[in-house]
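All remarks here apply to the structure that follows.
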Amino acid sequence: MQMKNKQDISLILDNFSNFAEWDAAGKKFYLVFADKKRGGQWTLMAYEDDRFSIHGVGQEYEDAEELFFEERNLLLSFLWDNRAALKAAVEASRVVSA
47 MQMKNKQDIS LILDNFSNFA EWDAAGKKFY LVFADKKRGG QWTLMAYEDD RFSIHGVGQE
107 YEDAEELFFE ERNLLLSFLW DNRAALKAAV EASRVVSA
């Protein structure tokens, strides 16, 4: 899988349900990937109303709440900054589902 530009990340978001797990209780898809800056993990969540959020947790920290992205460009920029970890998680999910 290539991640050469934000359009590649946009394709992942458009097909998020193909890579993510389903949380029936929360009624959302989610994908966990490494938070390399803080040494923990991010959970990217997609809700049925096409809203995305992110939540971080690690041994030394836990975000107080989900951060919802009001603009797609902000989400794309965040994921672009974390593209190596995102790519690894997407590729791992494809192996598991295959």
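In terms of my numbering, the sequence shown has 74 at position 28, counting the first letter as 1, and numbering is strictly consecutive. For every residue, glycine included, the Cβ atom is placed at its ideal position computed from N, Cα and C.
Rounded distance between the beta-carbons of residue j and residue i, thought under 8 Å
{"i": "Gly102", "j": "Gly85", "result": "About 10 Å separates the two Cβ atoms, so there is no contact after all."}
{"i": "Phe98", "j": "Trp88", "result": "Wrong, their Cβ atoms sit about 12 Å apart, outside the cutoff."}
{"i": "Ile100", "j": "Leu113", "result": "5 Å"}
{"i": "Phe62", "j": "Ala92", "result": "5 Å"}
Three-way DSSP call (helix, strand, coil) for residue i in this model
{"i": "Ala83", "result": "It is worth fixing the name first, because residue 83 is Lys in this sequence and not Ala. DSSP places Lys83 in coil when its eight states are reduced to three."}
{"i": "Glu108", "result": "strand"}
{"i": "Glu67", "result": "strand"}
{"i": "Phe62", "result": "helix"}
{"i": "Lys74", "result": "strand"}
{"i": "Phe98", "result": "strand"}
{"i": "Phe114", "result": "strand"}
Within 8 Å, strictly: CB atoms of residue i and residue j
{"i": "Arg160", "j": "Phe65", "result": "This structure cannot settle anything about residue 160, because the visible part of the chain is limited to 47 through 144."}
{"i": "Leu90", "j": "Tyr76", "result": "yes"}
{"i": "Trp126", "j": "Ile55", "result": "yes"}
{"i": "Glu137", "j": "Met49", "result": "no"}
Residues that residue i bridges to, as DSSP identifies them
{"i": "Val103", "result": "Gln87, Glu108"}
Neighbour-count burial assignment, residue i, 16 or more Cβ in a 10 Å radius
{"i": "Ala135", "result": "buried"}
{"i": "Leu132", "result": "buried"}
{"i": "Lys73", "result": "exposed"}
{"i": "Asp81", "result": "buried"}
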